[in-house]
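Shown next, in C-alpha cells, is the structure this report addresses.
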Amino acid sequence: MRKSLFAILLIATPLLAPALVMASGGHGPELEHSGIDLKDKASLQRGAKYYVNYCQGCHSLQYSRYNRVAADIGITEAQLEKFLIFGDAKSGELMTNALRPEDGEKWFGTAIPDLTLATRWREPDWVYTYLKSFYVDDSRPYGVNNLVFPDVGMPHVLAGLQGVQEAVYKGGGHEDDGHIAGLKLVEPGTLTPEEYDNMARDITNFLTYVGEPMKLERRRLGIYVLLFLGLMFFLTYNLKKEYWKDIH
C-alpha cells in the first residue's frame, strides 16, 4: 500500500508543481483581474477592431479564420470586410500577416509569436496586466520595459493611447536597486486611464475567445452531459437494486 502511494506521489508531483508555484504567488508582480466576459459581444467586437489595427501587423492569429470570428462575435460579412480585413485577404482565409519570421528576428531580436493561444499558455489576467505594464527604460532597444515580461523585445505600440509611464521604486530608491513598487503615468495619452483599461480588457477578451472559440458552447453542453449522467446513474442504480433484490 505504501509503495503504491509513493508511486502515485512520484507521478503526480511534476504535474502539480506548476499549480503549486502559481498558488504560492511566484516572484513576479501581482496580476490585475481582467474581468472579461466572453458573452459580451460588443467587447469582443471592439477587441477584434483593436487587435487588427494595432497588433496584427506583427502578431498573426494563424489558427483563426476571419469569417468564423465574424460569425462568433456577431458581425456581418460586409462589416468584416469593411472593418477587419485589410489588403487583399479573403473572408475565408486565416488571420495571418505579411511579416516574415526572419524579418521579425532581425528587427526585434526574436521570432514574433502567433497569439492565437496567448491566453491558453499564459492566462487572461497576465495578458491584461501585460498590456498595462509598459514603462520607460532607456537601457532597452525600444526605450521601454514591462513589469510582467522583463526585457521585452517589442515596442509599446499603444503608448500613444495609454501615455508614458515611469517606474516607481520601493522606498524612493533608484533603478539600480531593481525593486519596482509600481508605475506612474507621467505623460497622458489620447485615452484616459479608465478608457485604456477598457481597451486592454477588450483585447484580452478577444484573445481569450480566439484561444478557445468553443468554450461557452462546451460549458453549455457540459451541463446537459452532467445532467444526463446523473439521470443514468439514478436509473442504473435502481435497476441494479431491482435486479438483485431477490438474490440478496
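Numbering (mature numbering (1 follows the signal peptide of the UniProt record, and there is no 0)), first residue to last: -19 to -1, 1 to 229. Built from N, CA and C at the ideal position, the CB exists for glycine as well.
Let's see if you can read the secondary structure: which residues bound the beta strand (DSSP E) around residue i?
i    : result
S45  : 42 to 46
Q146 : 144 to 150
CB residue i to CB residue j, shorter than 7 Å?
i           : j    : result
L12         : W107 : yes
L128        : G170 : no
I228        : P105 : no
C39         : L80  : yes
A162        : V145 : no
G134        : T97  : no
Y190        : L65  : no
D95         : S41  : yes
N111        : E147 : According to the sequence displayed, residue 111 carries Tyr and not Asn. Contact: no.
I54         : A70  : no
residue 233 : A51  : Any property of residue 233 remains undetermined from this structure, which presents the chain solely from -19 to 229.
M76         : S45  : yes
N126        : D118 : yes
K151        : H137 : no
Roughly how far, in whole angstroms, is the beta-carbon of residue i from the beta-carbon of residue j, given that I think they are within contact range, below 8 Å?
i           : j    : result
I21         : N179 : The residue asked about is misnamed: residue 21 is Asp in this sequence, not Ile. Wrong, their Cβ atoms sit about 11 Å apart, outside the cutoff.
D132        : R27  : Their Cβ separation, rounded to whole angstroms, is 30 Å, which puts D132 and R27 out of contact at 8 Å.
L48         : L61  : The residue you asked about is not Leu; residue 48 is Asn in the sequence shown. With 8 Å as the limit, N48 and L61 qualify as a contact, their Cβ atoms being about 7 Å apart.
E198        : R101 : So it is not a contact: roughly 17 Å between Cβ atoms.
S72         : E58  : 6 Å
P174        : L164 : Contact doesn't hold; Cβ gap of about 11 Å is too wide.
residue 256 : K226 : Residue 256 is absent from the model: the chain starts at -19 and stops at 229.
Which two residues bound the contiguous alpha helix (DSSP H) that contains residue i?
i   : result
Q26 : 22 to 31
Whole runs of the beta strand (DSSP E) within the stretch 61 to 128, excluding any shorter than 3 residues: 115 to 117, 125 to 127
Runs of beta strand (DSSP E) wholly within the stretch 153 to 210 (minimum 3 residues, chain order): Correct list: 161 to 169.
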